[in-house]
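Chemist:
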Amino acid sequence: MSALWTVPEKLIVRQFYLQNTGLFLVVLMLGFGFLSSTEHIALATYALTDWSFLGAYVVLWVLYTIHSLRFSLQVVQKTDLLQLFRLIPPGKRVVLLYFLHLQLLAPVIGYAGFMIWVGNQQNATAANTGLVVIVSLLSLLPLPFVERALRNPNPEQFSGNISAWLRQRFATPYGLFFIRYLFREQPATLLLTKIGSCLGILGVLALYPTDDYDIRLLSLGMLLSAALQAGIVFELYQFEANQLLLLRNLPVSIGNRLLGYLKIIALLISPEAVLLIKNHPADVSIPATLFVWLFGLGLVALQYATLLARHRSRDRFMSLLFWPIIGCFLLIMYRLPVWALALAGLAAATLLFIRTYYRSSWEE
Amino acid sequence: MLAVRNFRKDYHNRLVLAIPQMDFPAGIHWLKGRNGSGKTTFFRSVAGLLPFEGSMVLDGRYDIRRQPVEYRLRVNYGEAEPLYPQFLTGWELIRWVAATKRAPASQVDELIDLFGIREFIKTPIGTYSSGMLKKTSLVLAFLGNPQLILLDEPLITLDQATTQAVIDRIRQNREQGISFLLSSHQDVDPSELPVDSVWLVQHQTLEAMPQPADS
Chain Y
0 MSALWTVPEK LIVRQFYLQN TGLFLVVLML GFGFLSSTEH IALATYALTD WSFLGAYVVL
60 WVLYTIHSLR FSLQVVQKTD LLQLFRLIPP GKRVVLLYFL HLQLLAPVIG YAGFMIWVGN
120 QQNATAANTG LVVIVSLLSL LPLPFVERAL RNPNPEQFSG NISAWLRQRF ATPYGLFFIR
180 YLFREQPATL LLTKIGSCLG ILGVLALYPT DDYDIRLLSL GMLLSAALQA GIVFELYQFE
240 ANQLLLLRNL PVSIGNRLLG YLKIIALLIS PEAVLLIKNH PADVSIPATL FVWLFGLGLV
300 ALQYATLLAR HRSRDRFMSL LFWPIIGCFL LIMYRLPVWA LALAGLAAAT LLFIRTYYRS
360 SWEE
Chain S
0 MLAVRNFRKD YHNRLVLAIP QMDFPAGIHW LKGRNGSGKT TFFRSVAGLL PFEGSMVLDG
60 RYDIRRQPVE YRLRVNYGEA EPLYPQFLTG WELIRWVAAT KRAPASQVDE LIDLFGIREF
120 IKTPIGTYSS GMLKKTSLVL AFLGNPQLIL LDEPLITLDQ ATTQAVIDRI RQNREQGISF
180 LLSSHQDVDP SELPVDSVWL VQHQTLEAMP QPADS
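Chains as they are written, first to last, in numbering that gives the first Met the number 0: chain Y, 0 to 363; chain S, 0 to 214.
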């Protein structure tokens with residue numbers, strides 16, 4: 000059995016978790032950064048007594064299942080090697096496919112298990128039965144789709160008349176290559192990062208008028224927002240190193256290269272700029288608000304330059320962010336003016352970028 | 000044409016290639032070596048894609064570090080196994096590279112027709128076969144006004160007509176003063192492609208291979 004298991008497990012399960020590391024990190028930051036374990040227990044307890052609230056959990060789980068199934072179907076249809084699955088007797092094949100896809104659902108099963116544990120303590124038998132049924136159905140859901148995909152390998156791609164029309168008439172400028180990549184390949188990471196980051200900004204803007212706060216609160220919000228972009232920054236680094244290596248052979252000056260990255264980052268965090276400018280507090284001027292945003296821009300650019308200075312895995316890169324964030328937090332709290340923080344961040348990113356760009360390389 | 004001094008490239012503290020001194024005169028140079036010997040690493044270093052220790056100077060004037068823009072304007076690279084974003088079209092890539100390499104529009108059109116990619120140029124790269132991808136990478140490698148073109152396995156996956164077109168193009172460009180560093184495991188008829196020198200990448204270094212006429 001292990002001979003039949005190893006290759007599909009590496010191609011489907013490991014690749015799914017590797018390619019969605021950014022998404023999981025954002026979910027962890029949003030789900031376990033903002034909420035404590037007590038709050039998770041409180042939410043689970045409420046969900047077990049309110050079917051509509053439990054329905055919201057189920058919707059999220061279904062969305063996740065669809066996301067993982069979509070990935071699996073793409074791999075199955077495009078990897079000729081996996082066609083060998085059809086040579087396995089049907090009964091054995093179904094068992095293999097079931098357990099492979101069960102691994103993809105591990106986060107759902109884990110959280111549902113936690114809710115069942117809470118339910119047991121609350122004697123919520125009906126809700127627990129519901130949870131078991133729902134998770135069982137979700138675990139069975141991929142089987143007919145994967146079986147169908149195995150019978151229809153390498154389907155003809157049709158991207159639609161509008162896409163074809165656009166491709167004939169327009170060409171994507173370099174500055175939008177990565178943005179298109181994110182929308183196409185990492186939509187969940189992009190969406191969750193932006194939701195988390197924008198909610199953080201909206202949160203500090205809503206908190207501002209409730210007490211005697213000053214611009215430091217906005218700076219702290221921007222610091223949190225910049226930290227949340229780390230997954231996307233790593234995607235940019237990985238995308239250019241793996242799919243756009245020829246960029247380094249192009250005759251572009253280091254200044255223009257830096258400018259190019261600053262434009263990409265500015266575009267990525269433009270929703271935060273719109274929120275800040277549109278909702279800035281009355282006693283914080285627009286130029287001061289812009290400096291808050293530039294502070295965030297500098298921090299994100301600095302993250303990218305740090306990756307150039309020394310290649311790090313995604314996990315290592317994320318874990319290294321902790322102390323710089325604490326440092327920035329202290330600088331803000333010690334009342335360093337935000338314009339100085341913004342300029343210092345941009346200057347540090349520029350220096351590091353110029354110093355390390357041509358010395359950097361992706362290392363497997 | 001290309002002067003290499005104290006070149007050294009390591010991966011994870013493991014030496015891949017060390018070339019104390021090497022001068023490539025103008026011409027067509029064929030680099031041979033086993034798989035994994037370091038040919039692609041050398042090509043990528045010369046193209047400016049990989050960092051390395053040492054120096055590389057083109058035509059005695061353009062240092063890869065001191066004149067990074069001028070150097071890259073004159074050195075082009077065609078990868079053995081090109082990998083580009085699947086969602087872009089060949090046209091989007093060519094247009095971008097042509098603009099940065101300052102290639103005239105007439106040259107872009109000529110290369111597109113020469114390598115026969117006009118038919119699929121505006122479809123996403125993800126739909127390309129390996130041959131179509133290779134042809135697109137060859138168009139990119141010939142764009143602009145290079146003095147040195149690095150072609151890593153330029154003939155693999157190509158049909159016979161395109162293989163001939165590539166060989167003819169290299170010969171014509173050579174007559175116009177453009178130099179080439181090639182690597183290929185396929186034999187090429189010397190009457191069709193006159194190679195000026197052959198080099199062997201082995202034992203983590205680069206050595207000139209004696210030609211039959213030399214022995």
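Even glycine gets a Cβ: it sits at the ideal position worked out from N, Cα and C.
What you are looking at is a predicted structure, and each value in this text was computed from that prediction instead of being measured.
Establish whether the CB of Gly-47 of chain S and some CB of chain Y are separated by less than 9 Å.
Modeler: yes
Chemist: Span of the alpha helix (DSSP H) holding Ala-148 of chain Y?
Modeler: 141 to 150
Chemist: CB-CB under 6 Å to Pro-280 of chain Y, same chain, minus the five flanking residues each way: which ones, in chain order?
Modeler: Excluding positions up to five away in sequence, the list reads Tyr-207.
Chemist: From the DSSP output, which residues share a beta bridge with Gly-77 of chain S?
Modeler: S:Leu-150
Chemist: Alpha carbons only, please: which of S:Arg-65, S:Val-15, S:Ile-27 and S:Ile-63 is nearest the one belonging to Gly-37 of chain S?
Modeler: The shortest C-alpha separation from Gly-37 of chain S is found at S:Val-15.
Chemist: So, for Pro-123 of chain S: in the same chain, excluding its five sequence neighbours on each side, which residues have a beta-carbon less than 8 Å away from its beta-carbon?
Modeler: Gln-85, Phe-86, Leu-87 and Thr-88
Chemist: Using 8 Å as the Cβ pair cut-off and three pairs as the minimum, do the region 73 to 90 of chain Y and the region 1 to 8 of chain Y touch?
Modeler: yes
Chemist: Rounded to the nearest angstrom, what separates Pro-186 of chain Y and Asn-19 of chain Y at their Cα positions?
Modeler: 10 Å
Chemist: Quick one, which of Y:Tyr-110, Y:Cys-197, Y:Leu-27 and Y:Val-94 has its alpha-carbon nearest Glu-146 of chain Y's?
Modeler: Y:Val-94
Chemist: Give me the chain S residues within the contact set of Ser-67 of chain Y, using Cβ-Cβ distance strictly less than 7 Å, ordered along the chain.
Modeler: The contacting residues do not exist; Ser-67 of chain Y stays about 20 Å from chain S at best.
Chemist: Considering Cα atoms alone, identify which of Y:Ala-123, Y:Leu-24 and Y:Ala-343 is closest to Leu-298 of chain Y.
Modeler: Y:Ala-343
Chemist: Can you pull the chain S neighbours of Ala-170 of chain Y, defined as C-beta to C-beta under 7 Å?
Modeler: Trp-90, Glu-91 and Arg-94
Chemist: Output, in sequence order along the chain, the residues in the region 343 to 360 of chain Y whose CB is closer than 9 Å to any CB in chain S.
Modeler: Taking 9 Å as the cut-off between beta carbons, the residues of the region 343 to 360 of chain Y near chain S are Tyr-357, Arg-358, Ser-359 and Ser-360, in sequence order.
Chemist: Name the chain Y residues that come within less than 8 Å of Pro-153 of chain S, Cβ to Cβ?
Modeler: Going along chain Y, no residue has its Cβ under 8 Å from Pro-153 of chain S, so there is no contact; the nearest lies around 15 Å.
Chemist: Tell me the DSSP secondary structure of Ile-27 of chain S in three-state form.
Modeler: strand
Chemist: In or out: Val-96 of chain S buried (at least 16 other Cβ within 10 Å) or exposed?
Modeler: buried
Chemist: Using the three-state DSSP reduction, which class does Pro-19 of chain S fall into: helix, strand or coil?
Modeler: strand
Chemist: Measuring CA to CA, which of Y:Cys-197, Y:Leu-249 and Y:Ile-276 is closest to Leu-72 of chain S?
Modeler: Y:Leu-249
Chemist: Can you give the Cα-Cα distance for Glu-363 of chain Y and Ile-353 of chain Y, rounded to whole angstroms?
Modeler: 23 Å
Chemist: Cutting at 6 Å between CB atoms, please list the residues of its own chain near Pro-81 of chain S, excluding the five before and the five after it.
Modeler: Leu-132 and Ser-136
Chemist: I'd like to know whether the C-beta atoms of Gly-118 of chain Y and Leu-47 of chain Y end up nearer to each other than 9 Å.
Modeler: yes
Chemist: If you draw a straight line from the C-alpha of Phe-238 of chain Y to the C-alpha of Pro-209 of chain S, how long is it?
Modeler: 42 Å
Chemist: So Asn-34 of chain S packs on Leu-149 of chain S, CB below 8 Å; how close in whole Å?
Modeler: Actually they are not in contact, since the Cβ atoms of Asn-34 of chain S and Leu-149 of chain S sit about 18 Å apart, beyond 8 Å.
Chemist: Looking only at DSSP bridge pairs, what is Thr-78 of chain Y linked to?
Modeler: Its beta-bridge partners do not exist; DSSP assigns none.
Chemist: Return no unless some Cβ of chain S is closer than 9 Å to the Cβ of Val-251 of chain Y.
Modeler: Answer yes: the Cβ-Cβ gap between Val-251 of chain Y and chain S drops below 9 Å somewhere.
Chemist: When the Cα atoms are used, what is the spatial distance from Thr-37 of chain Y to Leu-244 of chain Y?
Modeler: 47 Å
Chemist: Exposed or buried, Lys-277 of chain Y, counting other C-beta atoms within 10 Å across all chains shown (16 or more means buried)?
Modeler: exposed
Chemist: Return the first residue and the last residue of the beta strand (DSSP E) that Thr-204 of chain S is part of.
Modeler: 204 to 207
Chemist: For the 8 Å Cβ check, are there 3 or more pairs between the region 218 to 236 of chain Y and the region 180 to 195 of chain Y?
Modeler: yes
Chemist: If you compare alpha carbons, which of Y:Ala-205, Y:Leu-103 and Y:Ile-11 is closest to Gln-73 of chain Y?
Modeler: Y:Ile-11
Chemist: Please confirm if Lys-100 of chain S has its CB atom under 9 Å from at least one CB of chain Y.
Modeler: yes
Chemist: From the DSSP secondary-structure annotation, give me the bridge partner or partners of Thr-88 of chain S.
Modeler: S:Pro-123
Chemist: Measure the C-alpha to C-alpha separation of Leu-447 of chain Y and Ala-240 of chain Y and round it to an integer number of angstroms.
Modeler: Chain Y is shown from 0 up to 363; residue 447 of chain Y falls before or after that span and cannot be answered.
Chemist: Should Glu-271 of chain Y be flagged as near chain S, meaning a C-beta pair shorter than 9 Å?
Modeler: no
Chemist: Where does the unbroken beta strand (DSSP E) through Trp-4 of chain Y begin, and where does it stop?
Modeler: Counting along the chain, Trp-4 of chain Y falls outside any beta strand (DSSP E), though it belongs to the alpha helix (DSSP H) covering 1 to 7.
Chemist: Looking at C-alpha atoms only, which residue of S:Asp-195, S:Asn-12, S:Ala-25 and S:Pro-19 is the closest neighbour of Ile-177 of chain S?
Modeler: Cα-wise, what sits closest to Ile-177 of chain S is S:Ala-25.
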